[in-house]
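Residue numbers (this note's numbering): 131 to 475.
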């Protein structure tokens, strides 16, 4: 590992030292008592975790940087744009407010997803339950709210050339050994919730929390002037399928993805990249001993409406409907098998 790789979790190491815990103990934390949560949140504001402010750029300042760096033209030509360093955010700020979400489950509620990750150590493979995603957290945390509705909205609006509003957010955690995402497009799946009655144009902002490298499974994109009229072939989603799996639109067949070059987005914690909803992207396994975290924020033009809160309400309804249907199908199957067992053989 190089120096950047080894410093990925420096903020987490500092926090563990303040709390008198080993990193293994920190990584094992899933839930905290109210007292434990308060202690962690207090520690996050000490030493290297102390409060940092957001960049003080005005809209005019951001627009000037966008013009001088030809960022709008780059975005148009390649469907991807990495913002220059002067627009990046302090990595210590991003790590602190991310840790506040992780450990402040009561104070900062969010939708949390856990997955079983296989970890190989000393030739043995064991399964560990790990937090892999947070959603619907921006409006429950003042600094995230200011960042996403304020500073980042100004940045993406300046590049797109019109006012953009937040549609949805997710904070991805890729633990050691964590798998990546298969090649896909965002727009088809983002349109599922509201169909023709909702937003049609989407832009995603990726904000790195930790350094992103090829070794830890950074984002990979295929650069081209992609659009609804010019996009790669996608798989037809399963009818009435799981909205987070087979029923999710936008998956690119592997034989199609193999025809394109996916370039790694290598960046430091606090760096920002944007890409449009028709840009093919993917990621791979995290082969390092550290977690790799990144925030993905989707924006749509304000003229198409503000659907943020409605989106999460709609997705909850769709997920609940699918779970209920899957449960009923499973009960029907069990009943059928029990009936078959009564048939004389």
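Ideal Cβ placement from N, Cα and C applies to all residues, glycine included.
Predicted model, so just to flag it, every value in this text is computed and none were measured.
Boundaries (first-last residue) of the beta strand (DSSP E) holding residue i
| i | result |
| --- | --- |
| residue 300 | 294 to 304 |
| residue 386 | It is not in any beta strand (DSSP E) - residue 386 instead sits in the alpha helix (DSSP H) that spans 384 to 387. |
| residue 256 | 254 to 265 |
| residue 429 | 422 to 431 |
| residue 334 | 333 to 338 |
Simplified DSSP state of residue i, which is helix, strand or coil
| i | result |
| --- | --- |
| residue 279 | helix |
| residue 233 | helix |
| residue 409 | coil |
| residue 355 | coil |
| residue 444 | helix |
| residue 245 | strand |
| residue 322 | coil |
| residue 184 | coil |
| residue 363 | coil |
| residue 285 | helix |
| residue 330 | coil |
| residue 456 | helix |
| residue 216 | helix |
| residue 309 | coil |
| residue 418 | coil |
| residue 368 | coil |
| residue 240 | coil |
| residue 467 | Only weak support is given to the placement of residue 467: the predicted model assigns it a pLDDT of 45, under 50, and the value that follows is read from those uncertain coordinates. Three-state DSSP puts residue 467 in a helix. |
Chain-order list of residues whose beta-carbon lies under 7 Å from that of residue i (same chain, five-residue window excluded)
| i | result |
| --- | --- |
| residue 394 | 344, 348, 350 |
| residue 400 | 218, 219, 220, 221, 224, 338 |
| residue 272 | none |
| residue 291 | 202 |
| residue 490 | Look at the range of the chain in this structure, 131 to 475, and you will see that residue 490 is not part of it. |
| residue 193 | 288 |
Neighbourhood of residue i by C-beta distance below 6 Å, restricted to the same chain and skipping five residues each side
| i | result |
| --- | --- |
| residue 455 | none |
| residue 398 | 341 |
| residue 425 | 301, 337 |
| residue 442 | 266 |
| residue 243 | 262, 263 |
| residue 141 | Legend: pLDDT at residue 141 = 47, less than 50; position of this residue unreliable, value from coordinates given subsequently. For residue 141, where only same-chain residues beyond five positions count, the Cβ hits under 6 Å are 225. |
| residue 304 | 347, 416, 422 |
| residue 213 | 402 |
| residue 309 | 415 |
| residue 352 | 390, 392, 410 |
| residue 457 | none |
| residue 444 | 323 |
| residue 268 | 274, 275, 278, 299 |
| residue 320 | 332 |
Boundaries of the alpha helix (DSSP H) in which residue i is found, first to last residue
| i | result |
| --- | --- |
| residue 206 | 201 to 208 |
| residue 195 | 189 to 198 |
Check: residue i C-beta below 8 Å from any heavy atom of the ligand GDP
| i | result |
| --- | --- |
| residue 331 | Of ligands this structure carries none, so the ligand GDP is not represented either. |
For residue i, the residue or residues it bridges with in DSSP
| i | result |
| --- | --- |
| residue 437 | Answer by DSSP bridge pairing: none, since residue 437 is not bridged. |
| residue 404 | 211, 335 |
| residue 314 | 381, 411 |
| residue 397 | 342 |
| residue 480 | Residue coverage of the chain in this structure runs from 131 to 475, which leaves residue 480 outside it and unanswerable. |
Close-in-space but distant-in-sequence residues of the same chain around residue i (CB under 8 Å, 5 per side omitted)
| i | result |
| --- | --- |
| residue 384 | 312, 313 |
| residue 325 | none |
| residue 154 | Note on residue 154: pLDDT 47, under 50, position unreliable in the model; the coordinate value appears next. Around residue 154: no qualifying Cβ. |
**OP:** Kindly confirm or deny that the stretch 443 to 452 and the stretch 308 to 317 touch, where touching means at least three C-beta pairs closer than 8 Å.
**Re:** Counting Cβ pairs under 8 Å, fewer than three are found: no touch.
Original post:
Can at least three beta-carbon pairs, one atom from the stretch 327 to 346 and one from the stretch 398 to 414, be found at a separation below 8 Å?
Top reply: Yes, the stretch 327 to 346 is in contact with the stretch 398 to 414.
**OP:** Would you check if the stretch 379 to 397 and the stretch 251 to 265 touch, i.e. whether three or more CB-CB distances between them fall below 8 Å?
**Re:** Here the stretch 251 to 265 does not lie against the stretch 379 to 397, with fewer than 3 beta-carbon pairs under 8 Å apart.
**OP:** Taking 8 Å as the threshold, find out whether the stretch 230 to 241 comes into contact with the stretch 287 to 297 through three or more Cβ pairs.
**Re:** Flag = no, the stretch 230 to 241 and the stretch 287 to 297 do not touch.
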